[in-house]
Amino acid sequence: MPGETDGFALARYVAERWKEVRIVVASGRIRPAVGELPVGAVFIDKPFSAEVVHGHLRSILPDGKLPMSLRPKL
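Our numbering applies: residue 2 is where the sequence shown begins, and numbers increase by one.
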């Protein structure tokens, strides 16, 4: 991210301010140190596939919040 705030700091800020928000952080440069991401946040290493992102979204969002394309087929 440009400026003085990095993505991990932004994730912590969002988690503190909006507790209901689920957070996914992706980076191809650095990996977060232990405790650097907020509890419950998901880290995805770049490059990644759509399937990896879909899997993480399914794990952190309730079914009612998932896009139709990611909801379980009945």
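C-beta: ideal position from N, C-alpha, C; glycine also.
Keep in mind it's a predicted model, so treat the numbers as computed, not measured.
Inset, instruction - Let me know if Ala10 comes out buried or exposed under the rule of 16 or more other beta-carbons within 10 Å of its beta-carbon. - result: exposed
Inset, instruction - Can you tell me the Cβ-Cβ gap for Ala27 and Lys47, rounded? I've got them flagged as a contact below 8 Å. - result: 6 Å
Inset, instruction - For Phe49, name the three-state secondary structure that DSSP assigns. - result: coil
Legend entry - N-terminal and C-terminal residue of the beta strand (DSSP E) that Val15 is part of: Not the beta strand (DSSP E): Val15 falls in the alpha helix (DSSP H), residues 8-18.
Legend entry - Length of the line joining the Cα atoms of Asp7 and Met69: 32 Å
Legend entry - Reference Val43, options Leu58, Glu17, Val15, closest by Cα: Leu58
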